[in-house]
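Protein chains in written order, with the working numbering: chain A, 1 to 204; chain B, 205 to 562.
So this is what it looks like as structure tokens:
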């Protein structure tokens, strides 16, 4: 049961490719792989722990003020993540800039609390949060992999495409500038959704 | 057809060649149809024929610009030598465009079990004409693949696309590899100079550019097929005579540019012959798939396309060529324009009949 709760959001109910949530940050932080990885990790932690905490509160919080309580919990967690990043990974925190703070507005988090954590026991709620965070992170990493490889010729900052291939050095290759621009992230997400859907149809 | 049962898995491909080489004897039996000799294939071939003058001139101009740029004052070689040089430069572009594009079209039709559509015959000819001749072939292949797959096939193939595939290919290259497409550096064979539009965005005075006559006739550096206005007009005449393209779009496009010129005091006759305006206006904006279907919608679409082109040219120094961007933008709004024209028309007719109802 717990295994299914954890694995479903990775593929079958992926928050980005199936529910189409959290697209904005997927466009913004996927130019390079490193910020995408950090972002994925941060969101996973926040979804997991906010699910856990709200699930613990589920019988005590009055229904009418639950949104406010959720916001407080999520905002607190995001601030913790932000402070940790600033303390231990300052460069990445700089690159992510406002998008760490904007995790609060990531629809996946509130969506999972409302849809799952408020009606389930703490452990499943935690697994669900982690699973959704990882499902989101997986898409982020796939998108950023292609964007960094084709747009900058590097992966995680290491050069993959040799310098001698470039036109400036007498080669034939050139980085694809469109990959750096936001539209391409949308197109890659679209292609991933396409592949997911096609796979679903074949397995029928 | 009945003899080749063995290859049923290649049915779409065989059908396509069969219909291309012979007139098929199958007749539609369901529904109502207009019987006309102008089927999709005929329409597409008319556009391709209309593009031939531009292509031939583009080949000659490629050679001419090369010899002018590398010339040491020893005089130009003969006509055929110039043409032959350009021919060898332009032909690979055409071949790559057709091979990659048709390859994808055939594959997709095969996978989906569709018939192969004729739409790509025109797109494949348009793409090389709107490219700088020096574009590396692999970039061209990539752009063609992008335009056909992302721009056309995922929407359902010919007739379903939102944007003009040929312009999408150019836009892809323009944003992906700006240094090869910006128009600053079109002739890398020993010479690089700004095309008139790039010069305009950098503030070169009108006197510093090629003369109006040269721009009109097309003896200037630029993309392969879009420099010569007489050749484009020749194509336009054929398109209008056969009724393939809409004269309303062409006319309103020019009018839209004219309005902006009036407001800003720019010389309209220069803007009409510079860059891709004439070519885009005649061959791109009039694409029947991506332009409005309603007659008054065509006026709105053309006016806004022409006006937007000039606005981008004049106020956005980053993008000297506004024609491509403005047509793509208006393509996006085409369904909206059609929707409003239809609903306004419905409202008017309801109002008109309301009085007679009682």
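Beta carbons are placed, not taken as given, at the ideal position from N, Cα and C, and that holds for glycine.
Continuous alpha helix (DSSP H) stretch holding residue i: start and end
i: residue 465 of chain B; result: 451 to 468
i: residue 509 of chain B; result: 499 to 519
i: residue 485 of chain B; result: Per DSSP, residue 485 of chain B belongs to no alpha helix (DSSP H) and is neither H nor E.
i: residue 285 of chain B; result: 283 to 316
i: residue 50 of chain A; result: 33 to 57
i: residue 265 of chain B; result: 244 to 274
i: residue 233 of chain B; result: No alpha helix (DSSP H) holds residue 233 of chain B; DSSP gives it neither H nor E.
i: residue 184 of chain A; result: 182 to 203
i: residue 493 of chain B; result: Careful: residue 493 of chain B lies outside any alpha helix (DSSP H) and carries neither H nor E.
i: residue 480 of chain B; result: Residue 480 of chain B -> no alpha helix (DSSP H), and no H or E assigned at all.
i: residue 441 of chain B; result: 433 to 446
i: residue 114 of chain A; result: 107 to 115
i: residue 76 of chain A; result: 66 to 88
i: residue 60 of chain A; result: Counting along the chain, residue 60 of chain A falls outside any alpha helix (DSSP H), and DSSP gives it neither H nor E.
i: residue 3 of chain A; result: 2 to 7
i: residue 98 of chain A; result: 98 to 101
i: residue 332 of chain B; result: 323 to 333
i: residue 380 of chain B; result: 369 to 380
i: residue 350 of chain B; result: 341 to 353
Proximity to residue i [Cα-Cα], best of the options
i: residue 95 of chain A; options: A:170, A:5, A:37 and A:2; result: A:37
i: residue 47 of chain A; options: A:61, A:9, A:161 and A:66; result: A:9
i: residue 294 of chain B; options: B:468, B:281, B:311 and B:267; result: B:267
i: residue 355 of chain B; options: B:334, B:327 and B:553; result: B:327
i: residue 251 of chain B; options: B:486, B:305, B:555 and B:479; result: B:486
i: residue 467 of chain B; options: B:515, B:478, B:436 and B:280; result: B:515
i: residue 308 of chain B; options: B:447, B:350, B:285 and B:541; result: B:350
i: residue 458 of chain B; options: B:348, B:490, B:428 and B:290; result: B:490
i: residue 371 of chain B; options: B:259, B:517, B:530 and B:423; result: B:530
i: residue 547 of chain B; options: B:336, B:445, B:301 and B:501; result: B:501
i: residue 426 of chain B; options: B:301, B:363 and B:335; result: B:335
i: residue 461 of chain B; options: B:447, B:481, B:442 and B:450; result: B:481
i: residue 201 of chain A; options: A:6, A:152, A:4 and A:12; result: A:12
i: residue 438 of chain B; options: B:259, B:245 and B:303; result: B:259
i: residue 113 of chain A; options: A:58, A:85 and A:193; result: A:58
i: residue 261 of chain B; options: B:420, B:465, B:553 and B:476; result: B:420
i: residue 91 of chain A; options: A:81, A:35, A:3 and A:139; result: A:35
i: residue 18 of chain A; options: A:41, A:136 and A:166; result: A:136
i: residue 363 of chain B; options: B:444, B:272, B:383 and B:497; result: B:497
i: residue 145 of chain A; options: A:180, A:174 and A:169; result: A:180
i: residue 93 of chain A; options: A:78, A:107, A:106 and A:196; result: A:78
i: residue 517 of chain B; options: B:297, B:474, B:221 and B:504; result: B:474
i: residue 357 of chain B; options: B:341, B:315, B:343 and B:245; result: B:315
i: residue 246 of chain B; options: B:464, B:446 and B:463; result: B:446
i: residue 206 of chain A; options: A:99, A:118, A:101 and A:123; result: Outside the displayed span of chain A (1 to 204) sits residue 206 of chain A, for which this structure offers no information.
i: residue 441 of chain B; options: B:499, B:256 and B:550; result: B:256
i: residue 89 of chain A; options: A:42, A:191 and A:195; result: A:42
Residues sharing a beta bridge with residue i, DSSP
i: residue 158 of chain A; result: A:155
i: residue 166 of chain A; result: A:173
Beta-carbon gap between residue i and residue j smaller than 8 Å
i: residue 323 of chain B; j: residue 248 of chain B; result: yes
i: residue 115 of chain A; j: residue 51 of chain A; result: no
i: residue 352 of chain B; j: residue 216 of chain B; result: no
i: residue 378 of chain B; j: residue 436 of chain B; result: no
i: residue 345 of chain B; j: residue 300 of chain B; result: yes
i: residue 31 of chain A; j: residue 159 of chain A; result: no
i: residue 428 of chain B; j: residue 540 of chain B; result: no
i: residue 186 of chain A; j: residue 33 of chain A; result: no
i: residue 5 of chain A; j: residue 153 of chain A; result: no
i: residue 375 of chain B; j: residue 532 of chain B; result: yes
i: residue 28 of chain A; j: residue 140 of chain A; result: no
i: residue 287 of chain B; j: residue 302 of chain B; result: no
i: residue 536 of chain B; j: residue 368 of chain B; result: no
i: residue 506 of chain B; j: residue 456 of chain B; result: yes
i: residue 21 of chain A; j: residue 108 of chain A; result: yes
i: residue 53 of chain A; j: residue 73 of chain A; result: yes
| message | Can you pull out the residues from the region 364 to 388 of chain B whose beta carbon lies closer than 8 Å to at least one beta carbon of chain A? | response | 376, 379, 380, 381, 382, 383 and 384
| task | For the region 530 to 562 of chain B, enumerate the residues whose C-beta is nearer than 9 Å to any C-beta of chain A, in chain order. | result | none
| query | For the region 168 to 193 of chain A, which residues have a beta carbon sitting closer than 7 Å to at least one beta carbon of chain B? | reply | 172, 174, 176, 177, 178, 181 and 187
| Mind listing which residues of the region 325 to 346 of chain B have their C-beta closer than 9 Å to chain A's C-betas, in chain order? | 340, 342, 343 and 346
| task | Report the residues of the region 299 to 312 of chain B with a CB closer than 8 Å to any CB of chain A, ordered along the chain. | result | Listed in sequence order: no entries.
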